[in-house]
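Below is one structure; the comments refer to it alone.
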Amino acid sequence: RRQLIVYRAFYGPEVTTYAEGGAYPERACVGCSLVADQVAHPAHLNARNTTLAFASRAPQAEIHDLKRRHGWEHIPWYTITDDFDRDFDVDEWHGTNAFIREGDRIFRTYLINNRGDEQMGDTWNYLDITALGRQENWEDSPEGYPQTPPYQWWNYHDAYSAPT
């Protein structure tokens with residue numbers, strides 16, 4: 001896919017932002033957990049050439065268990081093993097970055113960290129932070145941007161064409 005949205009979720013041994021009774025590895029940061037609870041089915045973003053992924057410092061086995069326990073299996077979630085979080089301003093707090101690929105080049109087109117990404121979770125808000133937007137013809141987009149009439153691309157999450 002051409003666009004990538006990465007949410008830096010705080011889940012790992014260093015995390016201390018738990019609600020009462022929460023602790024690693026059973027729980028992630030309470031705010032990050034609330035964000036994960038809001039995430040819509042990714043098929044709708046995928047239909048607009050966009051991928052949403054979460055990233056944390058926890059090992060994959062613990063991420064897998066956390067996703068299973070909380071019903072977040074639909075969220076792609078990766079382990080940070082390098083300086084990604086520091087390089088993209090999300091090492092000390094949660095945050096959302098958006099990227100676009102142009103040929104063999106990658107550009108960061110959006111960042112919100114600390115407060116402000118609470119409105120994320122639904123398809124529309126995620127598309128609105130991307131470089132290509134919702135890709136509907138009512139948007140004032142540069143020539144060559146993909147656009148379709150509103151509602152035309154909408155589908156049931158299990159009815160979109162399989163990715164090629």
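Start counting the sequence shown at 1; every next residue gets the next number (our numbering). Ideal Cβ placement from N, Cα and C applies to all residues, glycine included. Keep in mind it's a predicted model, so treat the numbers as computed, not measured.
Ile100 is a Cβ neighbour of Arg2, given a cutoff of 9 angstroms. For the pair of segments examined, the stretch 32-46 was found not to touch the stretch 83-90: the number of CB pairs separated by less than 8 angstroms stays below three. Of all alpha-carbon atoms in Leu52, Glu118, Tyr78, Arg105, the one lying nearest the alpha-carbon of Ser33 is that of Glu118.
Nearest in C-alpha terms to Arg69, of all of Leu132, Ser141, Pro25, is Pro25. Only residues of its own chain outside the window of five on either side were considered, and among them Arg48, Pro146, Gln147 have a CB closer than 6 angstroms to the CB of Gln135, listed in chain order. A distance below 8 angstroms between beta-carbons, with the five flanking residues on each side excluded, links Val15 to the following residues of its chain, in chain order: Tyr24, Ala28, Cys29. For the stretch 91-137, the continuous beta strand (DSSP E) assignments of 3+ residues that do not extend past its boundaries occur at 95-102, 105-113, in sequence order.
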